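By this note's numbering, the letter at position 179 of the sequence shown is numbered 170, and the numbering carries on one by one without gaps.
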Amino acid sequence: MRRTLLFRVLVSTVAAVTAVTTLPSTAAAGGTVGGTPGDQPLPGYTIVNPPLAPATVGGAPSTVRQGTYRHAAYIIEVPPRWNGDLVMWAHGYRGQGMVLTVDPPAFGLRQRLLDQGYAWAASSYSGNGFDIRAGVLSTKELAGHFDEVVRRPHRTYVAGVSMGGYIIGRSLEEYPSLYDGALPMCGVMGDQRLIDYFLDYQLTAEALSGVTTYPAGPDYLTAVVPAVQQKLGLAALSPLAPEPTNELGRQFRDITVNQSGGPRPGAAASFAYWKNFLFGLSAPAAASSTPAQDPGLIATNLFTRYSPSTPVDVNRVVRRVAPEEPRERLSGRLTQVPKIDGRPRVPVLSLHTLGDMFVPFVNEQQYKADVDRHGRGRLLVQRAVRSTEHCEFSPTEVGTAWDDLVSWVRHDRKPAGDRVDPKSVAAADYGCRFSDRAAYTTGTRRLFPACA
-8 MRRTLLFRVL
2 VSTVAAVTAV
12 TTLPSTAAAG
22 GTVGGTPGDQ
32 PLPGYTIVNP
42 PLAPATVGGA
52 PSTVRQGTYR
62 HAAYIIEVPP
72 RWNGDLVMWA
82 HGYRGQGMVL
92 TVDPPAFGLR
102 QRLLDQGYAW
112 AASSYSGNGF
122 DIRAGVLSTK
132 ELAGHFDEVV
142 RRPHRTYVAG
152 VSMGGYIIGR
162 SLEEYPSLYD
172 GALPMCGVMG
182 DQRLIDYFLD
192 YQLTAEALSG
202 VTTYPAGPDY
212 LTAVVPAVQQ
222 KLGLAALSPL
232 APEPTNELGR
242 QFRDITVNQS
252 GGPRPGAAAS
262 FAYWKNFLFG
272 LSAPAAASST
282 PAQDPGLIAT
292 NLFTRYSPST
302 PVDVNRVVRR
312 VAPEEPRERL
322 SGRLTQVPKI
332 DGRPRVPVLS
342 LHTLGDMFVP
352 FVNEQQYKAD
362 VDRHGRGRLL
372 VQRAVRSTEH
382 CEFSPTEVGT
392 AWDDLVSWVR
402 HDRKPAGDRV
412 DPKSVAAADY
422 GCRFSDRAAY
432 TTGTRRLFPA
442 CA
């Protein structure tokens, strides 16, 4: 039986659907797939797109359009005094369910955009799962539909979170003339290497504990993980007491820290915060046939070197796993889980929380290396925020990044950013420059020392 990595939904980053109402499409849509008209979801899917109340902008209501286009739900909102520019919003992972949902830009960005005169549009994508191809295509198709129902914008930006960052990174290369600037936040900018990181966690835990964890069986969460945690001295670990009780656990923690971005402020507390969740990502996957349903099909550690290598020589004893779908892994095409080459042609400003170990900070380092390798470092600015949860940003942090991106695109004023090399990241005050001081008492930010 194929047993690979199974994604879980982070409740804190997925908008809760409080009213389940299937709406009829309000717009005809071109395209038919397998006999399904474009104004209907693909077979098996249901669309949930409750009416979005117009926002008040300068005392007047916005104009909201909702419907289904190319099998995906959408929302379009235009302020009463539109400046002619459009922002496409790319949402994060929705799980493997069969309900398609769509939501507005988060972190107060919806109102900020409208107040500044920007229209925005968001798609549910035509399918769920870890399907980057569906996100890239649906977002591009909705941008084209905006041209038809409103008019062609002067500029088109793209912003989004988590898996939406993956969609942004690939979209900039798939359609290089479509977008004028990008704001990926907590994004999977390291592409397929995120799935390798999940595999690394499982395999290094096995190598250090001596407890077989791969492939995960039906008792993985109930019996195997508790045995591993006991062996590694992790059972009582917490963010406020983040030190493993033995050297095997400390080696496992240090390997995970290095695989997720290297030594950095808050790393020990962040490991303790995320360690149970990361074990859960290796639970047995349901029967699947595509990487979108089971991204672990493309995961590998064949060429990975782990550090530190003491007291156990992990690189000698670790199980080596080849991808089950090597063609999907190696393809340069727009597959469900494709590569990002690192070839943006427009300004990209990214935000990432420093303690995130679900989509860890190493994604920023990997994307930076890719972009630099192609000689495009001038087009990338990256900022770290001192928090631990996935996509844990304040409206001030996101709003400031947005304003700086716009200034960069419109006036060629490249904003400041953080360096992401290991020495810079390891500094005690790393992430302070762009973290919202006023938000320090919220969320997980107190796992980091206060910035001066």
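Ideal Cβ positions, reconstructed from N, Cα and C, are used throughout, including at glycine. As the structure is a prediction and not an experimental result, all values here were calculated from the model.
Runs of the alpha helix (DSSP H) lying entirely within the stretch 364 to 434 and spanning at least 4 residues, in chain order: 386 to 402 and 413 to 416. Pairing Gly346 with Thr435 gives a Cβ-Cβ distance under 8 Å.
The continuous alpha helix (DSSP H) containing Thr195 extends over residues Arg184 to Ser200. Secondary structure at Pro41: coil, using DSSP grouped into helix, strand and coil. DSSP, reduced to helix, strand and coil, places Leu77 within a strand of the structure shown.
Pairwise C-beta distances place the stretch 114 to 121 in contact with the stretch 78 to 98, as three or more of them are shorter than 8 Å. Ranked by Cα distance from Pro440, the options Leu33, His381 and Leu231 are led by Leu231. Inside the stretch 41 to 111, DSSP marks whole beta strand (DSSP E) runs of 3 or more residues at positions 54 to 60, 63 to 69, 77 to 81 and 90 to 92, from first to last along the chain. Counting the other CB atoms within 10 Å of its CB gives Phe352 a total of 16 or more, which places it among the buried residues. Comparing alpha-carbon positions, the option among Leu133, Met89, Arg72 and Cys382 lying closest to Tyr109 turns out to be Arg72.
Residue pairing by DSSP places Tyr148 opposite Val78 and Gly172 in a beta bridge.
Pairing Tyr421 with Pro233 gives a Cβ-Cβ distance that is not under 8 Å. Beta-carbon to beta-carbon, Val362 and Gly333 are separated by about 4 Å, close enough to satisfy the 8 Å threshold. Counting along the chain, Leu239 sits inside the alpha helix (DSSP H) bounded by residues Glu238 to Gln250. The Cβ-Cβ distance between Thr195 and Val219 does not fall below 8 Å. Taking the CA atoms as reference points, Gly323 sits about 30 Å from Pro144.
Linking Tyr116 to Ser129 through their CA atoms gives a straight-line distance of about 5 Å. Looking at the DSSP output, Val339 sits in a beta bridge with Ala173 and Leu371. Under DSSP, Ala232 takes part in a beta bridge, and its partners are Ser229.
Residue pairing of Ala290 in beta bridges, as defined by DSSP: absent, with no partner found.
For Gln221, the enclosing alpha helix (DSSP H) has its first and last residue at Val216 to Lys222. Counting the other CB atoms within 10 Å of its CB gives Lys414 a total below 16, which places it among the exposed residues. Taken through DSSP and simplified to helix, strand or coil, Pro282 comes out as coil.
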